[in-house]
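To keep things clear, I will list the structure first and then write my remarks on it.
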Amino acid sequence: MGNQISKMMGKIFGSREMRLLMLGLDAAGKTTILYKLKLNQDVTTIPTVGFNVETVTYKNVKFNVWDVGGQDKIRPLWRHYFSGTQGLIFVIDSNDRARIDEARQELHRIILDREMKEALLLVFANKQDIPGSMTPTEVTEKLRLAQLKERTCRLRGQMVDEEYFKANATRFVRGIAKR
């Protein structure tokens, strides 16, 4: 009964829930970003074996964010999380030049999956603060994002905090809502 009232109030006042999937190669910083958004503080993380799920609320939107481990042995399981996903946040380690081609292959494999055809893509170029990291333009080129132009919101991954999230979440939500 309470759930029905909550849904009804959401329809009246415009509340929405959105399922976001956060993927990327291992050590890209997915879990750190998730908890920075959730708690607005830095946390010490360990490699994710399996997944983390957190709800991040912005305005009247509840983002149910699924952060799934990125180790190569876990990646074949990613497809089990695709169903119902409205937005994909693909996190790149901007300092990991050696694996950018591997990241591109994984990103394109995900996007080509039929379960993900409606999901809006946000590419997060993380670790921009490390000297020598790839620039957002370089990441865009290396990932061949021009091929995914209609599906992509590009963000520069700098300091992730509440203000940064707010500044970019609105554009992402609008993009998802248009689909």
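So that you can map any letter, position 65 of the sequence shown is 63 in this note's numbering, and since no number is skipped, the others follow by simple counting. Using N, Cα and C, we set each Cβ at its ideal position, and we do this for glycine too. Since this is a predicted model, take the numbers as computed values, not measurements.
Bridge partners - residue i, DSSP secondary structure assignment
i: THR53; result: ASN62
i: GLU15; result: LYS60
heavy atom of the ligand MG below 6 Å from residue i C-beta
i: LEU118; result: Ligands in the displayed structure: none, and consequently the ligand MG is not present.
Simplified DSSP state of residue i, which is helix, strand or coil
i: GLU116; result: coil
i: LEU21; result: strand
i: PHE80; result: coil
i: PRO134; result: helix
i: ARG142; result: coil
i: THR43; result: coil
i: ASP111; result: coil
i: ALA96; result: helix
i: GLN69; result: coil
i: GLY27; result: coil
i: PRO74; result: helix
i: GLY173; result: helix
Residue i and residue j closer than 7 Å at C-beta
i: LEU141; j: ARG102; result: yes
i: LEU110; j: PHE88; result: no
i: ALA117; j: GLY68; result: no
i: LEU32; j: ASP65; result: yes
i: SER92; j: LYS125; result: yes
i: VAL54; j: LYS34; result: no
i: LEU23; j: ARG97; result: yes
i: ASN58; j: SER13; result: yes
i: VAL137; j: ILE90; result: yes
i: ARG112; j: ASN62; result: no
C-beta neighbour in chain B for residue i, strict 7 Å
i: GLU104; result: The structure shown contains no chain B, having only a single protein chain.
Of the residues the options, the one placed nearest residue i, counting alpha carbons only
i: PHE80; options: ALA144, LEU19, GLU15, GLU139; result: LEU19
i: VAL41; options: ASP94, PHE170, LYS28; result: LYS28
i: PHE170; options: GLU139, THR138, ILE128, VAL121; result: VAL121
i: THR133; options: ARG112, ASP94, TYR56; result: ASP94
i: ILE72; options: THR135, GLY48, ARG107, ILE44; result: GLY48
i: MET114; options: ASN62, ARG77, ILE128; result: ARG77
i: THR46; options: ALA26, ASP127, ALA123, VAL137; result: ALA26
i: TYR135; options: GLU15, ALA123, LEU119; result: The sequence shown places Thr at residue 135, not Tyr. Looking at the Cα atoms, ALA123 is the closest of the given residues.
i: ALA144; options: ASP127, ILE128, LEU119, PRO129; result: LEU119
i: LEU75; options: ILE44, GLU139, GLY173, ILE108; result: ILE108
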